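Heads up, the thing below is written out as C-alpha cells.
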C-alpha cells in the first residue's frame, strides 16, 4: 500500500536524497563501516549544529515545523544550491526563503541575447540596488548610453538625481524621482540589501537635497509596470509602456522592457536608432 505524499514525508525524502549525495571523505568523515553512500544523519546534524535526534525526526516526518534559521543551517550542511535551498524552504515552511542579496557585475551571454532580441524596445537588467548591469542598443539610444558611463554611475538613482541629461528626458521629473526612490527603498529591503546601500544613500543625500527630502519620507511602492513619457532630443515625446520581470533563479535581478505605446512611437524609435551608432 502506497503512503500518501505529505509535505512532511516529502521533506524527509528530499533530505535523505541530498544527504546520500554528499562525499563523506571529502567532508572529513571516516569511511569505515558505511552501509550506504553519503553522510550519516548524525553527521549532517553535526554540520548543521542541531540535535541528531531532532534531525532524525525531521527526516522521518515527525520533527515538527523547523525554523527558518534551522533550515538555513541544514541547507549549508547539505551544500544545497540556491534552487535546492528554495525547495527545502517550500517543503519545510510552505514559503520560499528570504532573498539573499548578491552583488552583480554582469549577466550571462544568454540573457544578453534576450535583451538584444528587443530591437525596438529599450530593455535593461538592474540589480536590487538599481545598478544597471546590462542593456540593449535601443536602451542606449532612447534611455541612456550606459556604455559611456563608469560602472558606479550606472545606478538609476544616481542618474535621476545627478545626471542633467537624464533629468531633462523626464517629462515630470519630480513624480518620476519620487516613484524611483520609493520603489528603490522597497526593493533593497526585500532583497536584504539595506546595509549594503547605506554608504551610497548617505553620499547621495549629501549630494542632492531633493533626494534627501524624498528619502526622509519613507515612502515605498512597487515597480511592476506602467507608462512613461520621455522627452528625446531626436525623437520628441515618446510614450512607452514598461513591464518589470524577475530573472528566473536570480530574484535580485529585474529585467525592465519598454514597449512603444503606439505605432507612431515605434516609428520614432526607428528614427532614433537610425541616427545612432550601430
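Numbering (our numbering), first residue to last: 9 to 286. Heads up, the beta-carbon is just placed ideally off N, CA and C, and yes, glycines get one too. Here the structure is a predicted model, which means the values were calculated and not measured.
In angstroms with no decimal places, state the Cα-to-Cα distance between residue 280 and residue 138.
-> Distance between the alpha carbons of residue 280 and residue 138 is about 26 angstroms.
Would residue 246 pass as a contact of residue 150 if the rule is Cβ separation under 8 angstroms?
-> Less than 8 angstroms separates the beta-carbon of residue 246 from that of residue 150.
Quick one: what's got a C-beta closer than 7 angstroms to residue 148's C-beta in the same chain, skipping five residues either side?
-> For residue 148, where only same-chain residues beyond five positions count, the Cβ hits under 7 angstroms are 154, 155.
Bounding residues of the alpha helix (DSSP H) (the contiguous stretch that carries residue 95) | Secondary structure note for residue 95: its alpha helix (DSSP H) is the uninterrupted segment 90-101.
Just mark residue 58 as buried or exposed, buried being the case when its beta carbon has 16 or more other beta carbons within 10 Å.
-> By the neighbour-count criterion, in which 16 or more other beta carbons inside 10 Å mark a residue as buried, residue 58 falls on the buried side.
Top-ranked residue by Cα proximity to residue 101, from 72, 127, 120 | Selected option, being the one with the closest Cα: 72.
Which whole-angstrom value is the C-beta distance of residue 83 and residue 99, which I expect to be below 8 angstroms?
-> Going by Cβ atoms, the distance from residue 83 to residue 99 rounds to 12 angstroms, so no, they are not a contact pair.
Straight-line gap, residue 276 to residue 119 (C-alpha atoms, nearest Å) | Whole-angstrom Cα-Cα distance: 26 angstroms.
Identify which residue in 180, 175, 259 has its Cα closest to the Cα of residue 199.
-> Nearest of 180, 175, 259 to residue 199, Cα basis: 259.
Residues near residue 14 by beta carbon distance below 8 angstroms, same chain, minus five either side = Because the pLDDT at residue 14 is just 49, under 50, the model does not fix this residue reliably, and the value given afterwards should be weighed accordingly. Closer than 8 angstroms at Cβ, skipping near neighbours: 69.
Can you grab the Cα-Cα spacing for the pair residue 90 / residue 257, in whole Å?
-> Approximately 8 angstroms, taken between the alpha carbons.
Nearest-angstrom Cβ-Cβ length linking residue 41 and residue 64, presumed shorter than 8 angstroms = A Cβ-Cβ separation of about 18 angstroms leaves residue 41 out of contact with residue 64 under the 8 angstroms criterion.
Take every Cβ of the region 168-180, pair it with every Cβ of the region 200-208, and state whether three or more of those distances are shorter than 8 angstroms.
-> With contact defined as three or more Cβ pairs closer than 8 angstroms, the region 168-180 and the region 200-208 are not in contact.
DSSP three-state call for residue 249: helix, strand or coil?
-> DSSP places residue 249 in strand when its eight states are reduced to three.
Separation of residue 88 from residue 75, as counted between CA atoms = Note on geometry: alpha-carbon atoms of residue 75 and residue 88 lie some 17 angstroms from one another.
Given residue 134 as reference, the closest of 144, 179, 127 once Cα atoms are compared | Here the closest residue by C-alpha is 144.
With a 10 Å radius around its C-beta and 16 neighbouring C-beta atoms as the bar for buried, classify residue 241 as buried or exposed.
-> Burial check for residue 241: the Cβ neighbour count within 10 Å stays below 16, so the residue is exposed.
Does the distance from the CB of residue 278 to the CB of residue 165 come in under 8 angstroms?
-> Result no, Cβ atoms of residue 278 and residue 165 do not sit closer than 8 angstroms.
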